[in-house]
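Below you'll find the structure, written out as C-alpha cells, and then a few comments.
In this note's numbering, the protein residues as written are 6 to 254.
Here is the structure:
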C-alpha cells in the first residue's frame, strides 16, 4: 500500500500484485489518487489473461441456467505467507475469476476457516457465496496435499470443468430430470495455451503507452474492481469470525 501510494504521488503508472491493499478503505484511497492524477492503476489478477478462463467466459451463454459453481485454490507447495491468510492471498483470485466469467457480485456470503499454523491468519477456508441466481462454493487451503486451481460450472444443459493450471476445459452434456438423465460424450475444448503473466505485462505496457483510462470493461483489470474483491474478502473473514451469514451491501 505505502509503495503504491508513493508511486502514484510521483505520477507513476502502477501494476501491483493482488491484493492492492488489505482493506477496502486503503484500496479506495489508491484508486482515488490514481484517478486524481490521471494514472493507470492495474492489479495483477493473472487468471484474467488465462485462455481457459477467457474461453469459459465465452461458453457460459451456451450451457443453460447456472445452478452452482465449485472452485478450488489449494496447495502446500511452499510455506504459507506471513502477512495474510488464504482468504486474502488465494481467495481474491477465485472471487475475481467468478466475477470475470459471470459478471456478477454476491449478495450474501458465509465462511468457515481454520487457523492451524498461526493464531493470526487462516490457512484453510470454505466459503459459500450467494449470487441470487446461483451459488458458488470456494475451497481455499495452503495445507492441502494437491495443487489445484480449478472450477466446476454446473448448469442446466452442461457441466463444465475448467482447469486453470493446465488451461483445459471439458464440457459434459448432461441433462438431469426426475424422469431421466440424458448424457452425451464429453468434449474437450481446443484451447491454445498462453503465458498469462507475459500477456498481462504486455497489456500493461500497451496501456502505459496509450496512457488512457479504461473504465470497467470486463476483459480488462483495473484498481477500481479490486475494491469490490477486497470488500468481499473482508466480509468472508467477518463471516467466519462471527459464524454467521453476511449481506454484501
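For each residue, glycine too, the CB sits at the ideal point set by N, CA and C.
Residue i versus residue j: straight-line alpha-carbon distance, rounded
i, j, result
"residue 91", "residue 238", "10 Å"
"residue 205", "residue 232", "20 Å"
"residue 28", "residue 176", "38 Å"
"residue 157", "residue 166", "5 Å"
"residue 269", "residue 19", "Residue 269 cannot be examined here, being either before or after the span of the chain that is shown, 6 to 254."
"residue 214", "residue 198", "26 Å"
"residue 131", "residue 244", "11 Å"
"residue 89", "residue 148", "15 Å"
"residue 66", "residue 60", "11 Å"
"residue 77", "residue 146", "9 Å"
"residue 248", "residue 121", "18 Å"
"residue 181", "residue 201", "36 Å"
"residue 118", "residue 133", "12 Å"
"residue 21", "residue 86", "17 Å"
"residue 136", "residue 14", "37 Å"
"residue 187", "residue 30", "50 Å"
"residue 38", "residue 108", "26 Å"
Identity of the residues DSSP links to residue i by a beta bridge
i, result
"residue 142", "75 and 133"
"residue 179", "188"
"residue 20", "47"
"residue 166", "157 and 175"
"residue 114", "134 and 251"
"residue 193", "175"
"residue 119", "129"
Chain-order list of residues whose beta-carbon lies under 8 Å from that of residue i (same chain, five-residue window excluded)
i, result
"residue 69", "160, 161, 162 and 163"
"residue 185", "none"
"residue 58", "52, 102, 105, 106, 167 and 169"
"residue 16", "42 and 44"
"residue 253", "110, 111, 112, 113, 114, 236, 237 and 240"
"residue 196", "56, 57, 60, 172, 173 and 174"
6 Å Cβ shell around residue i - same chain, five flanking residues per side excluded
i, result
"residue 168", "155"
"residue 234", "97, 100 and 101"
"residue 23", "48, 49, 50 and 97"
"residue 178", "163 and 189"
"residue 191", "175 and 177"
"residue 75", "142 and 157"
"residue 250", "113 and 115"
Limits of the unbroken beta strand (DSSP E) element including residue i
i, result
"residue 160", "153-160"
"residue 47", "46-49"
Limits of the unbroken alpha helix (DSSP H) element including residue i
i, result
"residue 68", "Counting along the chain, residue 68 falls outside any alpha helix (DSSP H), and DSSP gives it neither H nor E."
"residue 125", "Neither: residue 125 is in no alpha helix (DSSP H) and is coded neither H nor E."
"residue 210", "201-215"
"residue 36", "29-41"
"residue 101", "97-107"
"residue 92", "Note, residue 92: premise wrong, no alpha helix (DSSP H); not H, not E."
Beta-carbon proximity list for residue i, same chain, < 7 Å, skipping 5 on both sides
i, result
"residue 26", "6, 32, 35 and 235"
"residue 151", "79"
"residue 222", "Because the pLDDT at residue 222 is just 38, under 50, the model does not fix this residue reliably, and the value given afterwards should be weighed accordingly. Here the set comprises nothing."
"residue 8", "none"
"residue 12", "19"
Neighbour flag for residue i against chain D, beta carbons, 7 Å
i, result
"residue 140", "Going by chain labels, chain D is absent from the structure shown, which holds only one protein chain."
Stretch pair the segment 42-59 + the segment 192-212: three plus CB contacts closer than 8 Å:
With a cut-off of 8 Å, the segment 192-212 and the segment 42-59 count as touching, because enough Cβ pairs lie within range.
May I ask you to verify whether the segment 115-131 touches the segment 81-98, counting CB pairs closer than 8 Å and requiring at least 3?
Segments in contact, yes.
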